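Residue numbers (our numbering): 7 to 394.
This is the structure we're talking about:
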């Protein structure tokens with residue numbers, strides 16, 4: 007399985023500490039048929055369009071950053087760093103905390119395929135020089151820390167600490183559709199002594215409410231949005247159901263159960279779940295996920311992926327995730343994906359390498375496309391409502 011590792015190793019001077027990192031699912035279709043994906047991206051140049059924003063929301067201090075949906079595999083927004091600004095495509099990731107982008111000093115092929123930051127062109131750049139080494143499930147990033155101004159969604163985060171890569175080995179990074187990562191997890195998840203981007207936005211008085219929210223589009227390239235400082239109610243229906251954060255490290259909550267046709271098929275008696283915009287699929291314990299694959303008649307292919315008859319999209323029932331007493335149905339059309347060749351795959355996958363607790367889950371983009379999600383740092387709660 008090739009998704010960004012849940013745990014990475016970070017070397018600070020002569021110390022070695024572990025910090026969790028983003029877990030973007032590897033570009034399965036990208037790597038399996040990368041020539042077709044490249045053709046796709048060339049025919050669809052990077053172009054972000056804002057969903058309609060009511061002027062009243064602007065008056066309330068909500069700041070919007072649109073994201074492009076790459077084949078339901080990754081959601082990528084644009085930030086700029088430095089003076090004058092240099093642009094980068096990044097994952098806005100709730101499963102990690104730190105910000106990093108490639109640098110002109112990077113010698114890896116991955117960096118030649120992506121935008122790179124040139125410190126010599128920024129009048130506001132300050133080098134910190136603190137080395138970092140980030141280990142991923144399919145590669146690594148080595149680099150150093152620096153300070154500069156970061157801009158996105160109409161916000162200017164002054165003197166923000168961020169990482170600059172020197173090496174990014176591995177095919178995953180080479181073919182990634184993003185340049186870097188902007189983490190939105192809790193500070194305790196990130197580099198010690200560094201104030202993360204969201205915390206700086208709040209400390210600098212740039213947002214009126216200490217929260218942010220995600221709307222992820224289904225299949226459409228455009229329309230996805232991350233918003234800061236407030237909530238636009240036009241992105242969801244009904245009321246937000248608020249769930250306490252069970253551990254303020256990840257955006258983690260306690261889940262009651264996972265069921266189908268009223269029968270519990272996983273998380274019996276409760277379990278923990280991480281709400282993660284940097285993960286594509288629904289990730290769970292290997293034995294539990296294997297059992298779900300059997301229930302939905304998914305069979306493992308030579309590549310390790312679980313394939314399923316496409317007719318199951320119309321016949322299989324919802325799988326229901328119950329959180330804090332509220333049911334969140336995930337229909338077969340969401341937990342089964344069909345590629346452009348008409349082959350269907352299960353959107354459940356298993357955590358590997360002991361990176362998850364035995365009863366823990368990661369609810370990634372498969373879940374978040376269905377449910378608009380608010381991350382409230384002031385109250386340490388997560389709000390969920392059906393996305394429109």
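Note that the Cβ used here is the ideal one computed from N, Cα and C, for glycine as well.
Just so it is clear, the structure is predicted and the values come from calculations on it, not from any experiment.
What number of angstroms, rounded off, separates the C-alpha of residue 134 from the C-alpha of residue 152? 5 Å
So, are the CB atoms of residue 189 and residue 287 less than 8 Å apart? no
Proximity to residue 306 [Cα-Cα], best of 285, 68, 355: 355
Backbone secondary structure at residue 95 - three-state DSSP: strand
Is the beta carbon of residue 241 sitting closer than 8 Å to the one on residue 172? no
For residue 312, count the other beta carbons within 10 Å of its own beta carbon; 16 or more makes it buried, fewer makes it exposed. Which is it? buried
Per-residue DSSP class, three states only, for residue 192: coil
For residue 304, which residues of its own chain have a beta-carbon under 6 Å away from its beta-carbon, when the five flanking residues on both sides are left out? 312, 314, 352
Assigned exposure category for residue 203 - 16 Cβ within 10 Å defines buried: buried
Contacting residues, own chain, Cβ-Cβ under 8 Å from residue 96 (five flanking each side not counted): 82, 83, 84, 85, 105, 107, 184, 185, 186, 187, 188
Using a threshold of 8 Å, state whether the C-beta atoms of residue 159 and residue 69 are closer than that. yes
Under 8 Å between C-beta atoms of residue 387 and residue 248: yes
Pull the bridge partners of residue 397 from the DSSP assignment, please. Beyond the ends of the chain as shown, which are 7 and 394, falls residue 397; an answer cannot be given.
Less than 8 Å between the CB atoms is what I'm expecting for residue 122 and residue 109, so what's the real figure, rounded? 6 Å
Nearest to residue 161 (by Cα), restricted to the options 177, 194, 212: 212
Buried versus exposed, by CB contacts within 10 Å (16 or more), residue 360: A caution first: residue 360 carries a pLDDT of 49, below 50, which makes its placement in the model too unreliable to give a value.
Taking the alpha-carbon positions, what's the residue 91 to residue 129 distance? 10 Å
One question on the structure: do residue 285 and residue 371 come within less than 8 Å of each other, judged by their Cβ atoms? yes
Quick check on the DSSP output: the alpha helix (DSSP H) that includes residue 381 runs from which residue to which? Looking at the DSSP string, residue 381 is not in any alpha helix (DSSP H); the run it does join, the beta strand (DSSP E), is 377-382.
With a CB to CB cut of under 6 Å and the five nearest residues on each side skipped, what residues in its chain are close to residue 115? 180
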